[in-house]
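Since the structure comes first, as structure tokens, the remarks are kept for the end.
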Amino acid sequence: MLHDTLTDTPIGSHEKSSVLVEHFVDAPRKEIDNVPDEPIFEDSSTVEDAPIVSRSSPPLQQRSIAVDRTRRQPKPVRRLIEECNIAYALSVAKRLKKPIRCKWIFKRKEGISPSEEVRYKARLVAKGYSQIPGIDYNDVFSPVVKHGSIRTLFSIVAMHDYELEQLDVKTAFLHGELEEDIYIDQPEGFVVPGKEDLVCRLKKSLYGLKQSPRQWYKRFDSFMISQGFKRSDYDSCVYLKTVKGSTIYLLLYVDDMLIAAKDKNEIAKLKAQLNSKFEMKDLGAAKKILGMEIIRDRHDGKLYLSQKGYIKRVLHRFNMHEAKPVSTPLAAHFRLSSTMCPQSDKDVEYMSKVPYSKLLFTPDLSHALSVVSRYMANPGKEHWKAVQWIFRYLRGTANACLQFGNSKSGLVGYVDSDYAGDLDKRRSLTGYVFTIGGCAVSWKASLQATVALSTTEAEYMAISKHAKKLQSAICLTKDQMFYERTKHIDVRYHYIRGVIAQGDIKVRKISTHGNPADMMTKPVPANKFELCSSIIVYDILPCFRIN
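So the sequence shown is numbered by the numbering used here: it starts at 797 and just counts up by one.
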């Protein structure tokens, strides 16, 4: 149940998604037989008196669920009652189950642009933490599109001048078909007088249930396959369809969609198909996705991806918005280890007051975040100083953008590895970055799973895991010249030889000065850091001024 309290328009009133509750059934403590179907709400007088809302409470709550008998009902409430008479009916419980409690969640949703009005929403959410595994739910995993897939699409869009549009599914989880019998308490504000001991049986999935994301994805996936789309083998939330020699792309992140195609008419057809099955909100040309701002310069054939707004919010939260900027994400003097973790109760109490925030992830921050994230469970003062250093770097690079469409070159990958750089377990750190059209689309910096006994082994493990290159590892993949020194390397890392033999990838040595992955394995000087960033086209630009 989600309704827009600014426009008085109920969200989820579509026939396919409005059936939130199938029927009321007797509470688990007893069972009733042969109860005839009947409307739950006949008029406004049958609805429970709304709770008294003080003047200090936000008008959002009053307009969302409050029903005053002395005045005309708000339109969202009237529409919900109309839906109840169609969707709800008294029935007999199939079996006894404990009902799940529910609550109303109120949200203030900012507009994408400053000119767009703020929307206030109310959503009924089940308290899924009380669900019992094996009884109330089984499988819960649900995929979302990978960030690398999103950036790859942006690169394709920029290089080929595709149309890029965005849609949102209204009350997406209400479309999922439940496979179990789930009961919830009657929602606050919609309790039927005289039938307070009854509970609701859900026909559709509801926000808060553990299986809701999975059930929504299964419903959407089956629909896309029925429309002739093919699911990607590498990303379950990427759908493709070829029409007249041109490809249509659809990417799904829960209820957010990106659609790209050369022909705008094909996008319009797909939107119509989606709207026939689900209630959609057409957002037009893509402007923002997952907190990232999308700016297009079609005249120059470029697309920019910025997180300036998110960076500003993070800096203000940590009171670092006026900090002195620095030129690199992590200075060389930070030699962090677990010995710096709090050793006394006083230190633990001090560090517990440090607020938490999920940092954005960009290629220039890969190494720094990989290092500090190892101590998230028990951070010490030195670890916090390193995080503050990262904030200072963000303070000076808030306008940095990923730039897509700089060239039409294909997929190029860079990989690098240090040797035993981890002070705690002496594992090596691997960093890689993939580019399409010269712009980074995928990157990572992480510790290797096992301890390497030499630089050659560390580099070989890196190239095997990330299908890339380094000097001694290149020689190793081409012949057996290092057999005696490397026969101890785990067999699983030797698959790279077969990949090269098949011609799937080409491996060659590049200079350290031309390898952007170098900044992902260790702190580097400012001039080297700027060079690495420029290679993957991550530069400081006033992107917010681009039309």
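Just so it is clear, CB atoms sit at the ideal spot from N, CA and C, and this is done for glycine as well.
When you compare only the Cα positions, how much space is there between glutamine 1007 and phenylalanine 937?
Cα-Cα distance, rounded: 8 Å.
So is asparagine 1174 buried or exposed if we call it buried at 16+ other beta carbons inside 10 Å?
Under the 10 Å beta carbon count, asparagine 1174 is surrounded by fewer than 16 other beta carbons and is classified as exposed.
Which listed residue (Ile1055, Lys1098, Leu1099, Asp1093) has its alpha carbon closest to that of leucine 1344
The structure shown does not extend to residue 1344, since the chain is modelled only from 797 to 1343, so the question has no answer here.
Just tell me which of Ser1203, Ile896, Ser1242 has its CA closest to the CA of threonine 1231.
Per the Cα distances, Ser1203.
Could you pull out every residue in the same chain whose Cβ sits closer than 8 Å to the Cβ of threonine 1317, ignoring the five residues on either side in sequence?
Excluding positions up to five away in sequence, the list reads His1163, Asp1212, Ser1213, Asp1214, Gly1217, Leu1225, Thr1226, Gly1227, Ala1241.
Looking at the structure shown, is threonine 1193 part of a helix, part of a strand, or coil, going by DSSP?
In the three-state DSSP reduction, threonine 1193 falls in the coil class, being neither helix nor strand.
Can you pull the DSSP bridge partners for alanine 1127?
Paired residues: none, contrary to the question.
Count the C-beta pairs between the stretch 1128 to 1141 and the stretch 1174 to 1189 that are closer than 8 Å, then say yes if the count reaches three, no if not.
Output reads yes: the stretch 1174 to 1189 touches the stretch 1128 to 1141.
Please go through the stretch 958 to 1045 and give each complete beta strand (DSSP E) segment of 3 or more residues, from N-terminal end onward.
Annotation note: the stretch 958 to 1045 contains the following uninterrupted beta strand (DSSP E) runs of length 3 or greater, listed N- to C-terminal: 959 to 965, 994 to 998, 1034 to 1039.
Buried or exposed: which applies to serine 1329, given that a residue is buried once 16 or more other Cβ atoms fall within 10 Å of its Cβ?
Buried, by the Cβ-count rule.
As a quick exercise: from Leu1126, Thr1193, Arg1188, pick the residue whose alpha carbon is nearest that of serine 1166.
Measuring from the Cα of serine 1166, the nearest candidate turns out to be Leu1126.
What span of residues does the alpha helix (DSSP H) with cysteine 898 cover, start to end?
Counting along the chain, cysteine 898 sits inside no alpha helix (DSSP H); it lies in the beta strand (DSSP E) bounded by residues 898 to 905.
My guess is that valine 922 and glycine 1233 are in contact by the Cβ rule of under 8 Å, so how many angstroms apart are they, rounded?
For clarity, residue 922 is alanine in the given sequence; the question names valine instead. Cβ atoms of alanine 922 and glycine 1233 stay farther apart than 8 Å, at about 45 Å.
Threonine 1231: first and last residue of the uninterrupted alpha helix (DSSP H) it sits in:
First-last for threonine 1231: 1225 to 1232, but that is the beta strand (DSSP E), not the alpha helix (DSSP H).
Per DSSP, which residues does proline 929 bridge with? Please list them.
Per DSSP, Tyr933.
For arginine 1188, name the three-state secondary structure that DSSP assigns.
In this structure, arginine 1188 counts as helix in the three-state DSSP scheme.
Rounded to a whole number of angstroms, what is the C-alpha to C-alpha distance between proline 1121 and phenylalanine 1130?
Their Cα atoms are separated by approximately 17 Å.
Residue span of the alpha helix (DSSP H) that contains lysine 1108, given as start and end
For lysine 1108, the enclosing alpha helix (DSSP H) stretches over residues 1104 to 1113.
For a test of the three-state rule: what should DSSP assign to arginine 1170, helix, strand or coil?
For arginine 1170, the three-state secondary structure derived from DSSP is helix.
Identify, in the order they occur along the chain, each residue of the same chain with its Cβ nearer than 6 Å to the Cβ of serine 1022, setting aside the five sequence neighbours on each side.
Result list for serine 1022: empty, nothing under 6 Å.
Does the beta-carbon of valine 914 have 16 or more other beta-carbons within 10 angstroms, so that it is buried, or is it exposed?
Valine 914 is exposed by the Cβ-count criterion.
As assigned by DSSP and simplified to three states, the class of leucine 1327:
In the structure shown, leucine 1327 sits in a helix (DSSP, three-state: H, G or I).
Beta-carbon spacing of alanine 1236, isoleucine 1332 below 8 Å:
In this structure, isoleucine 1332 lies closer than 8 Å to alanine 1236 by Cβ.
Close beta carbons around valine 1183, own chain, < 6 Å, minus the five adjacent residues each side:
Contacts found: Val1168.
Along the chain, where does the beta strand (DSSP E) containing lysine 917 start, and where does it finish?
Following the DSSP letters along the chain, one finds lysine 917 inside the beta strand (DSSP E) bounded by residues 915 to 922.
Could you please give me the residues that DSSP links to tryptophan 1239 through a beta bridge?
Answer is Val1229.
Inside the stretch 1075 to 1105 only - beta strand (DSSP E) runs reaching at least 3 residues
As for any beta strand (DSSP E) of minimum length 3 sitting wholly inside the stretch 1075 to 1105, the runs are 1076 to 1081, 1088 to 1093, 1098 to 1102, ordered along the chain.
Please go through the same chain and pick out, in chain order, the residues whose beta-carbon is closer than 7 Å to the beta-carbon of phenylalanine 1016, but skip the five residues on each side of it.
Answer for phenylalanine 1016: Leu1048, listed in chain order.
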